[in-house]
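Residue numbers for the sequence shown follow UniProt numbering, so the first one is 1 and each next one is one higher.
Positions of the beta carbon are idealized from the N, C-alpha and C atoms, including for glycine.
Input: a single structure, listed below in structure tokens.
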Amino acid sequence: MDFEITRDVRNEVLSRREVSFTLTFDGPTPSRKSIQEKLAALQNKDVNLVVLDLERTRFGKMELLGRARIYDDEETKKSTEREYLLKRGEPKAESEA
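Quick look at the structure:
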């Protein structure tokens, strides 16, 4: 997986960085969790502070275009982000039979 950050803007009002990136990969499309972990490692931030907003693969190419927001703290993230995006980044609970 090779990351190329195409846009990196600091939003002081919302205490976050807004990042657009291009991800080149081999094989199947990487999971949201693996993209989130790789982006957090590249930016030296905690995985829980990264929210993936948009992912689009390009037909016929091993390339993914995406946007993410990297928050300064957990409290700001919870007060700003939409609920469904926060749930999307969490691991699924195991259902009991």
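Span of the alpha helix (DSSP H), counted from its first residue to its last, around residue i
{"i": "THR80", "result": "74–80"}
{"i": "ARG88", "result": "83–88"}
One or two residues paired with residue i in a DSSP bridge
{"i": "ILE35", "result": "Note: ILE35 sits in no beta bridge, so no partner."}
{"i": "ARG58", "result": "ARG58 is not bridged to any residue."}
{"i": "VAL50", "result": "ILE70"}
First through last residue of the beta strand (DSSP E) which encompasses residue i
{"i": "GLY66", "result": "63–71"}
{"i": "PHE21", "result": "16–24"}
{"i": "VAL9", "result": "2–11"}
Spatially closest choice to residue i from the options, by CA coordinates
{"i": "ARG16", "options": "ASP73, GLU83 and TYR84", "result": "ASP73"}
{"i": "LYS61", "options": "ASN48, THR76, GLU4 and GLY27", "result": "GLY27"}
{"i": "VAL9", "options": "ARG82, LYS33, ARG32 and TYR71", "result": "TYR71"}
| message | Whether or not the stretch 22–39 and the stretch 56–68 are in contact is what I'm after, with contact meaning three or more pairs of Cβ atoms, one per stretch, closer than 8 Å; do they touch? | response | yes
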